[in-house]
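What follows is a short report on a single structure.
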Amino acid sequence: MALLSTEDGECLYAMQLASASTLPMALKVAIELDVLEIIAKAGPGAQLSSTHVASHLPTHNQDAPIILDRILALLASYSVLTWSIVKSDNGCVQRIYGLGPVCKFFIENEDGVSLAPLLLSTHDIVTIKPWYHMKHVILEGGLRFEKAIA
């Protein structure tokens, strides 16, 4: 017996396509902020709260841990990060995050190699912006890169 009907499966796939840019953009932000490196430097198997990670960032934004927690939760929902819930000494419940197996490809290895630069260049505004002009290129002609920088 199928868990999902064909229509439900198609609907889920449509939803996945509609939000397909969310995961790589969240990972891009995490890489730009060195979040994966911060967690990795805490040691093998370490799990850190968004507040702890944010304390390593050059920011005075008091909302940074809250915003960062949303990004980390999204990455955890795709198993990029691991997560657990812990109760702090003051009784507050918070999520803590660790590196998922895929993270090893986005953190520099012993040879200094990482896929992070590939992700960053693939999702850079210079690469993405021309796609916003594709419709006009098809309808009006021209080159999408020229439209993007015009």
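So for the sequence shown, UniProt numbering puts the first residue at 1; every next one is plus one.
Every residue gets a Cβ at the ideal spot worked out from N, C-alpha and C, and that includes glycine.
If you're wondering where the values come from, they're calculated on a predicted model, not measured in any experiment.
Residue i - containing beta strand (DSSP E), residue span
{"i": "residue 94", "result": "93 to 99"}
{"i": "residue 81", "result": "81 to 87"}
Straight-line gap, residue i to residue j (C-alpha atoms, nearest Å)
{"i": "residue 15", "j": "residue 8", "result": "11 Å"}
{"i": "residue 80", "j": "residue 88", "result": "24 Å"}
{"i": "residue 65", "j": "residue 52", "result": "8 Å"}
{"i": "residue 46", "j": "residue 127", "result": "34 Å"}
{"i": "residue 98", "j": "residue 108", "result": "17 Å"}
{"i": "residue 63", "j": "residue 12", "result": "32 Å"}
{"i": "residue 100", "j": "residue 68", "result": "17 Å"}
{"i": "residue 136", "j": "residue 10", "result": "29 Å"}
{"i": "residue 173", "j": "residue 102", "result": "There is simply no residue 173 to check, as the chain begins at 1 and stops at 150 in what is shown."}
Start-to-end residues for the alpha helix (DSSP H) that takes in residue i
{"i": "residue 52", "result": "50 to 54"}
{"i": "residue 46", "result": "Element bounds for residue 46: n/a, residue is neither H nor E."}
{"i": "residue 11", "result": "6 to 18"}
{"i": "residue 27", "result": "22 to 32"}
{"i": "residue 77", "result": "64 to 77"}
{"i": "residue 117", "result": "116 to 122"}
{"i": "residue 138", "result": "134 to 140"}
Cβ shell of residue i (< 7 Å), same chain only, five flanking positions each side left out
{"i": "residue 86", "result": "94 and 96"}
{"i": "residue 70", "result": "none"}
{"i": "residue 40", "result": "99 and 107"}
{"i": "residue 28", "result": "119, 120 and 123"}
Buried versus exposed call for residue i [16 or more other C-beta atoms within 10 Å across all chains shown]
{"i": "residue 106", "result": "buried"}
{"i": "residue 50", "result": "buried"}
{"i": "residue 139", "result": "exposed"}
{"i": "residue 18", "result": "exposed"}
{"i": "residue 3", "result": "exposed"}
{"i": "residue 26", "result": "buried"}
{"i": "residue 92", "result": "exposed"}
{"i": "residue 31", "result": "buried"}
Beta-carbon contacts of residue i that lie in its chain and below 8 Å, excluding the five residues immediately before and after
{"i": "residue 122", "result": "24"}
{"i": "residue 83", "result": "47, 72, 73, 76, 95, 96, 97 and 98"}
Would you call the region 32 to 39 and the region 50 to 70 touching, i.e. three or more CB-CB distances under 8 Å?
Touching, yes.
Does the region 68 to 76 come into contact with the region 112 to 119, if we say contact requires no fewer than three beta-carbon pairs (one atom in each stretch) closer than 8 Å?
no
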